[in-house]
Amino acid sequence: MKALVCYADGSEDIEVTSITDILTRGGIEVTKAAVKPEGVEVTLAHGTRVVCDKNIAACTDTYDVIAIPGGLTGSENCRDCPILTEKLKAQRAAGRYVAAICAAPGFVLAHHGIITDEVKATGYPGCADNIKNYSPEGAVVDEAAKVITGKGPAFSFAFAFKILQCLKGADVTAQVKSGMLYQD
């Protein structure tokens, strides 16, 4: 199984690292994609510099999930990337998972019509006003739409575990949680 995790200048540090780490621990092949016009280095919201595996333009594989972390600036950068927008729409049309946390569900997925009025989703308060079927939960899966959303930084682990469970099931997720000493 493969995951594309989108890293942009201004992405929320804990959200990108939680998604990448937990999916990797669960046996998912993770590609870290720099969402920018060129290059592979990004600076996250709190100054962490990351060298990604590829630029988003070079990510041509089929992915079981495309995950977008939040962070206000990072979400805006993801929203404004036409290559990512095209990939998200193709992912949704193919019935594969799309995941976003924090500002990204509203700023990226709802903005581009991935989250429609029927899709149950959550997001950071004040950044999710365009999510019509908003849920106050920390992490939400709309299985019919193949959309996974998280509320914000404090829910990074819960969100990443929801992604892992959708891809690999409850047993693998429980094993990863146990190995990390995570308690629900």
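Remember, my numbering sits 293 above the position in the sequence shown when you count from 1. For every residue, glycine included, the Cβ atom is placed at its ideal position computed from N, Cα and C. Just so you know, these numbers come straight off a predicted model, no measurement behind them.
Nearest neighbour of residue 449 by Cα position, chosen from 326, 302, 325 and 364, turns out to be 364. Looking from the CA of residue 367, the closest CA among 345, 303, 429 and 463 belongs to 303. Assigned with DSSP and collapsed to three states, residue 357 falls in coil, not helix or strand. Per DSSP, residue 372 is one residue of the alpha helix (DSSP H) stretching across 365–372. Burial check for residue 341: the Cβ neighbour count within 10 Å stays below 16, so the residue is exposed. Rounded to the nearest whole angstrom, the CA to CA distance from residue 377 to residue 371 is 7 Å. Fewer than three pairs of CB atoms, one per stretch, sit closer than 8 Å, so the region 321–333 makes no contact with the region 389–405. Look at residue 314 here: in three-state DSSP terms it is helix. Between residue 429 and residue 397, the C-beta spacing is not below 8 Å. Residue pairing by DSSP places residue 303 in no beta bridge whatsoever. A direct Cα-Cα distance of roughly 31 Å separates residue 317 from residue 419. Linking residue 339 to residue 320 through their CA atoms gives a straight-line distance of about 28 Å.
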